[in-house]
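In terms of this note's numbering, the sequence shown opens at residue 2 and continues consecutively. The C-beta atom is built at its ideal place from N, Cα and C for all residues, glycine as well. All values reported here derive from a predicted model rather than from experimental measurement. I have placed the structure first, in the form of structure tokens, so that the comments after it can refer back to it.
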Amino acid sequence: DDRLDGAHVVVTGGARGIGRGIAVRCARSGADVSLFDLRPDVAAETAERVREIGRDAAVFEVDVTDEAAVSEAVDDAREGLGAIDGLVNNAGIQQAIPLLETSEAEWDRHFDVNAKGSFLVAKHVAKRMIADEVAGSIVNVSSVGAERPFPGQGAYGASKAAVLAFTTVLAKELAEHDITVNAVKPGTVDTPMVQQWLTERAEQHDTSEDRLLAEALDDHILDRIGQPEEVGHAVVLLLSEEGDWITGESIAVDGGYLKA
Ligand code: NAD
Numbered sequence: 002d003d004r005l006d007g008a009h010v011v012v013t014g015g016a017r018g019i020g021r022g023i024a025v026r027c028a029r030s031g032a033d034v035s036l037f038d039l040r041p042d043v044a045a046e047t048a049e050r051v052r053e054i055g056r057d058a059a060v061f062e063v064d065v066t067d068e069a070a071v072s073e074a075v076d077d078a079r080e081g082l083g084a085i086d087g088l089v090n091n092a093g094i095q096q097a098i099p100l101l102e103t104s105e106a107e108w109d110r111h112f113d114v115n116a117k118g119s120f121l122v123a124k125h126v127a128k129r130m131i132a133d134e135v136a137g138s139i140v141n142v143s144s145v146g147a148e149r150p151f152p153g154q155g156a157y158g159a160s161k162a163a164v165l166a167f168t169t170v171l172a173k174e175l176a177e178h179d180i181t182v183n184a185v186k187p188g189t190v191d192t193p194m195v196q197q198w199l200t201e202r203a204e205q206h207d208t209s210e211d212r213l214l215a216e217a218l219d220d221h222i223l224d225r226i227g228q229p230e231e232v233g234h235a236v237v238l239l240l241s242e243e244g245d246w247i248t249g250e251s252i253a254v255d256g257g258y259l260k261a
């Protein structure tokens with residue numbers, strides 16, 4: 002389809018997993034994509050997939066927790082593929098740690114990447130959108146863990162709840178500039194992060210990864226794991242004109258997990 006025809010969308014954490022799925026899905030709707038990631042070598046594979054679809058892609062090595070690097074990457078992306086119409090704040094980390102064993106450094110790292118990182122990229126992209134007078138859209142990738150976290154998701158769930166709070170505030174502050182701000186809350190999606198999470202928890206609880214996955218999926222009404230591009234479908238709606246009257250919202254893309 003052509004719902005994002007000619008748009009320039011920045012996707013953070015676009016090297017793999019959900020970020021790659023979102024980038025590819027946006028390209029299928031006609032967007033050019035700038036990928037911000039710690040791993041430019043892996044992001045280059047996503048860029049290749051975008052180009053195979055016939056759209057432009059650019060890769061920027063950037064740590065979203067570093068404001069100077071974020072500001073520079075936003076300027077470079079603007080230079081490279083033109084005014085930025087959409088931002089998907091997807092870069093994130095998750096470690097399975099019981100709260101009472103969570104170190105200060107581990108707690109801080111979740112907040113640095115998931116909450117502060119999303120804030121910093123939104124701040125610098127929104128400033129460019131305002132300067133370029135584009136009717137933009139920002140989508141923050143939160144998680145069902147913001148509302149219904151598992152044991153072991155203390156720091157993670159709290160950092161993803163912080164994302165929902167600043168999504169609401171940004172929606173209110175950017176409305177006058179014709180910029181919408183929303184969040185998506187994925188359930189369990191088939192990505193390297195989930196594989197790693199299963200491995201860690203299986204070790205901690207002396208059980209098998211298959212059993213843990215089956216337990217996690219038990220609470221998904223649709224009883225199956227999600228695919229990265231299925232998160233992309235919801236993101237495209239929010240980024241496109243069809244999402245123009247949606248702001249400050251958070252949409253669960255979770256096979257029914259939050260309602261189970
Ligand atoms: P992933 O680990 O497979 O991919 C994350 C990407 O973000 C990687 O490419 C990584 O290099 C990048 N990244 C990490 N820290 C970064 C930093 N400081 N700066 C720049 N890039 C950085 O994870 P995923 O499963 O694809 O998750 C993507 C997002 O979706 C995350 O925010 C995650 O919390 C969220 N999410 C995932 C699930 C799931 O089931 N997979 C569920 C809910 C929410």
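According to the DSSP assignment, S138 belongs to the beta strand (DSSP E) that extends over 138-142. Listed as beta-bridge partners of E62 by DSSP are D38. Counting C-beta pairs with one atom in each stretch, the region 49-58 and the region 23-35 have three or more that are closer than 8 Å, which means they touch. If one requires a minimum length of 4 residues, the alpha helix (DSSP H) runs lying completely within the region 107-173 are 118-133, in chain order. Here A106 is exposed. Its C-beta has fewer than 16 other C-beta atoms within 10 Å.
Per DSSP, the unbroken beta strand (DSSP E) holding A184 starts and ends at 181-187. Considering only S143, E102, S104, the residue with the shortest C-alpha distance to G118 is S143. A distance criterion of 6 Å places the beta-carbon of V190 in contact range of the ligand NAD, judged by its closest non-hydrogen atom. In the DSSP annotation of this structure, G257 is not part of any beta strand (DSSP E), being labelled neither H nor E.
Counting every other CB atom within 10 Å of its CB across the protein chains shown gives L223 a total below 16, marking it as exposed. At the C-beta level, V232 and V254 come within 7 Å of one another. A heavy atom of the ligand NAD is found nearer than 6 Å to the CB of P187. Relative to the ligand NAD, the beta carbon of T66 is positioned inside 6 Å of a heavy atom. Collapsing the DSSP output to three states places I23 in a helix. For H206, the secondary structure class from DSSP, reduced to helix, strand or coil, is helix. For A28, the CB contacts under 7 Å within the same chain, skipping 5 residues up- and downstream, are V34, V51, I54, R56 in chain order.
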